[in-house]
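Protein chains in written order, with our numbering: chain A, 608 to 764; chain B, 53 to 851.
The beta-carbon is built from N, C-alpha and C at its ideal position, and this holds for glycine as well.
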Amino acid sequence: MVDITLRVNGATRTGSPEVRKTLADFLREDLSLTGTHVGCEHGVCGACTVILDGRAVRSCLMLAVQAAGSDVTTIEGLAADGEMSTLQQAMWDSHSFQCGFCTPGFVMQATAFLGDHPDADERQIREALSGNICRCTGYQSIVEGVLLAAERNRERS
Amino acid sequence: MTAIAAERYTGASIKRSEDPRILTGAGRYVDDIKLPGMLHAAFVRSPLAHARVLSVDASAARELPGVVAVLTGADLDAMTVPAPDPLLAMFGGSGPMPEFTLLATDKVRLVGDPVAIVVAESRYIAEDGCELVEVEYEDLPPVMSAAFALDPGSPPLFANLGNNVARPLSRKEFGDVAGTFAAADRVMDFHVDVHRHQNVPMEGRACIASYDAELGLMTVHAATQSVHITRNGIATRLGMDADKVHVLAGDIGGSFGLKIGASREEQAVAAASRHVGRPVKWVEDRGENLTVSGQAREESFDIRAAFGDDGVLLGLDVRMVIDTGAYPGMGGLVPSIVEAMLPGPYKLAALGFESTAAITNKATYVAYRGPWASETFIRERILDVIAKDLGLDPVEIRLRNVAARTEPPAMMITGRPLAGVTTRESLERVTQLVDYPAFRRRQAQAREQGRYLGIGVATFIEAAPGPRGPEGGLGMESMRLRLEEDGIVALFTGQMPHGQSHQTTLAQIAADEFGVPFEQVRVVVGDSAVVPFGLTGGSRSATMTGGVALHGTRQLKAKVLDFAAHLMEASAQDLVITDGNVWVRGDPESAVAVSEIAARAAAGESDGDVDAELEVEASYDGGQGGWSGGTHCAIVDVDVETGIVKVERYIAVEDCGALINPAVVEGQIRGGVAQGIGAVLLERSAYTEDGNFQSATFMDYLMPTACDVPRIEIEHLQTVPLDADVNFRGVGEGGMIVAPPTVVNAIEDALEPFGVRIYEQHLPPARILELIAAVRPRTGAGTGPGRLPGRAGQGPRRC
Chain A
608 MVDITLRVNG ATRTGSPEVR KTLADFLRED LSLTGTHVGC EHGVCGACTV
658 ILDGRAVRSC LMLAVQAAGS DVTTIEGLAA DGEMSTLQQA MWDSHSFQCG
708 FCTPGFVMQA TAFLGDHPDA DERQIREALS GNICRCTGYQ SIVEGVLLAA
758 ERNRERS
Chain B
53 MTAIAAERYT GASIKRSEDP RILTGAGRYV DDIKLPGMLH AAFVRSPLAH
103 ARVLSVDASA ARELPGVVAV LTGADLDAMT VPAPDPLLAM FGGSGPMPEF
153 TLLATDKVRL VGDPVAIVVA ESRYIAEDGC ELVEVEYEDL PPVMSAAFAL
203 DPGSPPLFAN LGNNVARPLS RKEFGDVAGT FAAADRVMDF HVDVHRHQNV
253 PMEGRACIAS YDAELGLMTV HAATQSVHIT RNGIATRLGM DADKVHVLAG
303 DIGGSFGLKI GASREEQAVA AASRHVGRPV KWVEDRGENL TVSGQAREES
353 FDIRAAFGDD GVLLGLDVRM VIDTGAYPGM GGLVPSIVEA MLPGPYKLAA
403 LGFESTAAIT NKATYVAYRG PWASETFIRE RILDVIAKDL GLDPVEIRLR
453 NVAARTEPPA MMITGRPLAG VTTRESLERV TQLVDYPAFR RRQAQAREQG
503 RYLGIGVATF IEAAPGPRGP EGGLGMESMR LRLEEDGIVA LFTGQMPHGQ
553 SHQTTLAQIA ADEFGVPFEQ VRVVVGDSAV VPFGLTGGSR SATMTGGVAL
603 HGTRQLKAKV LDFAAHLMEA SAQDLVITDG NVWVRGDPES AVAVSEIAAR
653 AAAGESDGDV DAELEVEASY DGGQGGWSGG THCAIVDVDV ETGIVKVERY
703 IAVEDCGALI NPAVVEGQIR GGVAQGIGAV LLERSAYTED GNFQSATFMD
753 YLMPTACDVP RIEIEHLQTV PLDADVNFRG VGEGGMIVAP PTVVNAIEDA
803 LEPFGVRIYE QHLPPARILE LIAAVRPRTG AGTGPGRLPG RAGQGPRRC
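Spelled out as structure tokens, the structure:
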């Protein structure tokens, strides 16, 4: 066990995970943030994506102890005040998802991507999402949700 | 809530009520549940495809701190009773059933076969414990192909069967097969292979079993398509009364046919919980999911087709062999459905069909989205080959064969009426949308520049639920409906949605029928003690559950109006409900909220003449039913240097009758098509000749990504209402059924300058290059080596 302190969704959190515990398991089990999903545990499906120090990372490929001192945002941190983010709202409006299991990974990946690429076109969005697997939708509705969010962000600014 | 232009919710793309929770991380999947004192399970699994188990030594694992119990196959055999697969028990298997134990005892029959379960304080420790279990095996020759399995010399997987035949060869004939073939202008022979691939829901199998010894009650949190079939599977195996097993289900991360009933692992978890007296959680990891959860579709067909010089298909004579893998599952049931559906929407004078099912040392055959889909693949594939033989266009040969819509409807040669089938309309519409002549010109120009474009079409019909036939019914669907005392219209359904959006779509139907806002309807699922028996599967819910929701709401409303009439001192016939208010027709001043009626009923304001129990039990027989169906069209660009196929455009013209929620329907179609594209271009459950499983990670089993699946254009036909009230038809499986032949037909069209003919379904780049190099029709051979191209690494890539 190692004592760690990190910021999660804007709050300081502490824990004592085993060294071998993944960040995904630490978030889900120790911090009860079960919105982050574990889909493959080998870094391909992207369901476990969180934003760590501003970048989308796979929390199944990272140990909790490696996240000590970092600033982590999970899906629970996007609508912290009860109001969905622009992206979440756009994805709801676009019927982006079906079963919902891959959803947190796509939402976090797209949140990080749109932050860096507010003017992304469809092809760029598809490339940005191509490291996340969805088995239900065929992706079109997800891409449309991201495009809609980008458009709304531009209108606002 | 979306502002709704239309007066009705039904037919509009209402935003899903499921989405606020799943978009904010508030969904509740099995792995999200934490019970007090909960333990975690992991399985010791066989590294060999076929071997005798000589000994299992769990002593070191039992001593590991944190390990609470290790149960071997023998331990579990002593605490459970033999039981059939719950799905087979429901639908009935044919022939003698193989005998085997819950976990392996005497032998293992596939890589990943469970040998022992380790229960520990954490999943990490449980997996440590698995490493310490010593199992001694003695190799047996693996049976890795259906052909070897059907050889009487192959070593039987199950001693009591004495061979590896899951379904003895049987033959049926419809129409005059011999006469039709004798009289035909032409007869052609084909051998077609469909490769093994699998469901791969993003959430694997998972359950938590929690046994209360004092109550004798087993509570199971399950990821399942039916809480009742799971309940029955666990109760039977544990020797418990079904009403002592309580199955709960929340959000489920996809299934596509995989999660029906209770698997051997889930039954073992329940037995382990009863043994240790604490809750036990098991969540399948991706390696387990790919290796042992189940696989589908490994089938081969010898086909003889009789047809006229004019391209009219007269007769088919088909021999089907299905590789059902190691343990009994759905595989033995599939050939009968393939047989029934093989004629599709076409006139066919005669069909001979024989089939057999083989047992091999591979993962068990499970249902996967349109399990009988090979009927469409082989039919649509050979139509294209025949068209080329005759110099006909693929669209033209289909138009010449499709059954005309007549009254009474034409009958499929296998027995069902083709009522309301709009294949011709969908074919014609697809060719308009794609501008077929313009594509042929573009294709010719591209070929001159060394670019190989191809177009493919394929048609299908899906019995969702199927027409009411001469034999009558379509089965039944039940629902309990209740006006709760706060005015909520509650629908209790046995449907167990895992992405299908039933909590939205059923509420749309009920809100319209009752006259309350959408938000005033609650759809209750996932509790075996509360909901009626049901199963989400077979694309049945649109018609069957949509229908029972409509008729049940009508019954409940009549009951509510009777009670309201008593309160409002009016005649029930004069009352209407709109916007959640009951009022006397023509007198808006008289409005009383439905919630007030409900509260007063709950408070017992009844003089005894009128029933204040505002609840009904409804059932529905499918009404007139009907077919879903349509035509899909793909345009592909094949790079003949690399073998890479790009799907440039994809169009679906579909007829699923009246749409409940167009966005939900289109999501089902696109998702199915994506799986079909993946099946052709990427996915394969691959074994070596000695039985090693080669695609146990997502680096080896390649799933389609946002770069592989194109925009899918959809147009809906809503041509022929058959029923007075319910014309919703299912669309769950159609995309997955028809996309593989659509894409393969397009690839063959692209490669026409090489004279390539394709008789298989899996076409990764290496295989495309082999086909071009061979430049001759393949008949009789099995699937080639088709080495899987590994994915370069994790994370985003270039589209």
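Pick from the options that is closest to residue i, judged by C-alpha positions
{"i": "B/L733", "options": "B/I766, B/I696, B/A415 and B/R468", "result": "B/I696"}
{"i": "B/V699", "options": "B/V335, B/G360, B/V160 and B/P756", "result": "B/P756"}
{"i": "B/E665", "options": "B/D673, B/I649, B/Y672 and B/P208", "result": "B/I649"}
{"i": "B/P816", "options": "B/V692, B/R606, B/S591 and B/E706", "result": "B/V692"}
{"i": "B/G786", "options": "B/R763, B/A651 and B/E427", "result": "B/E427"}
{"i": "B/G79", "options": "A/T629, A/I682, A/H724 and A/V657", "result": "A/I682"}
Residue-level contact to chain A via CB, residue i, 8 Å cutoff
{"i": "B/D84", "result": "yes"}
{"i": "B/M755", "result": "yes"}
{"i": "B/E70", "result": "yes"}
{"i": "B/Y61", "result": "no"}
{"i": "B/S553", "result": "yes"}
{"i": "B/T282", "result": "no"}
{"i": "B/P99", "result": "no"}
{"i": "B/E336", "result": "no"}
{"i": "B/S65", "result": "yes"}
{"i": "B/I561", "result": "no"}
{"i": "B/F544", "result": "no"}
{"i": "B/H249", "result": "no"}
{"i": "B/R421", "result": "no"}
{"i": "B/H102", "result": "no"}
is_contact[residue i, chain B] using C-beta, thresh 8 Å
{"i": "A/G745", "result": "yes"}
{"i": "A/R662", "result": "no"}
{"i": "A/R759", "result": "no"}
{"i": "A/D700", "result": "yes"}
{"i": "A/C667", "result": "no"}
{"i": "A/A756", "result": "no"}
{"i": "A/S748", "result": "yes"}
{"i": "A/C647", "result": "yes"}
{"i": "A/F633", "result": "no"}
{"i": "A/V651", "result": "yes"}
{"i": "A/E762", "result": "no"}
{"i": "A/S599", "result": "Residue 599 of chain A cannot be examined here, being either before or after the span of chain A that is shown, 608 to 764."}
{"i": "A/G642", "result": "yes"}
{"i": "A/S623", "result": "no"}
Delimiting residues of the beta strand (DSSP E) encompassing residue i
{"i": "B/V229", "result": "B/V229 -> not in any beta strand (DSSP E); alpha helix (DSSP H) instead, spanning V229 to A235."}
{"i": "B/G678", "result": "G677 to V690"}
{"i": "B/L184", "result": "From DSSP, B/L184 is part of no beta strand (DSSP E) but of the alpha helix (DSSP H) over R175 to L184."}
{"i": "A/V609", "result": "Premise fails: A/V609 is in no beta strand (DSSP E) and is neither H nor E."}
Where residue i falls, given that 16 or more other Cβ within 10 Å makes a residue buried
{"i": "B/L128", "result": "buried"}
{"i": "B/G268", "result": "exposed"}
{"i": "B/H102", "result": "buried"}
{"i": "B/E718", "result": "buried"}
{"i": "A/S764", "result": "exposed"}
{"i": "B/A515", "result": "buried"}
{"i": "B/N212", "result": "exposed"}
{"i": "B/G305", "result": "buried"}
{"i": "B/E852", "result": "Only positions 53 to 851 of chain B appear in this structure, which leaves residue 852 of chain B out of reach."}
Boundaries of the alpha helix (DSSP H) in which residue i is found, first to last residue
{"i": "B/R499", "result": "Y488 to E500"}
{"i": "B/V873", "result": "Outside the modelled stretch of chain B, which goes from 53 to 851, sits residue 873 of chain B, for which no answer is possible."}
{"i": "B/H554", "result": "H554 to F566"}
- What are the complete beta strand (DSSP E) segments, minimum 3 residues, inside the segment 667-710 of chain A? Listed in chain order, the complete beta strand (DSSP E) runs (minimum 3 residues) inside the segment 667-710 of chain A are 678-680.
- Message: I'd like the ranges of any beta strand (DSSP E) spanning at least 3 consecutive residues and lying wholly in the segment 606-658 of chain B.
- Response: 627-630, 633-636 and 639-645
- Item | Whole runs of the beta strand (DSSP E) within the segment 226-313 of chain B, excluding any shorter than 3 residues | 238-246, 258-264, 269-274 and 297-300
- Item | Unbroken stretches of the beta strand (DSSP E), 3 residues or longer, contained in the segment 496-548 of chain B | For the segment 496-548 of chain B, whole beta strand (DSSP E) runs of length 3 or above, ordered along the chain, are 504-519, 529-535 and 541-545.
- Item | Continuous alpha helix (DSSP H) assignments of at least 4 residues falling wholly in the segment 703-761 of chain B | 714-733
- beta strand (DSSP E) runs wholly inside the segment 311-380 of chain B, at least 3 long, in chain order: 332-335, 351-359 and 365-375
- Where in the segment 766-822 of chain B do unbroken runs of the alpha helix (DSSP H), each at least 4 residues long, occur, reported from the N-terminal end onward? 786-802
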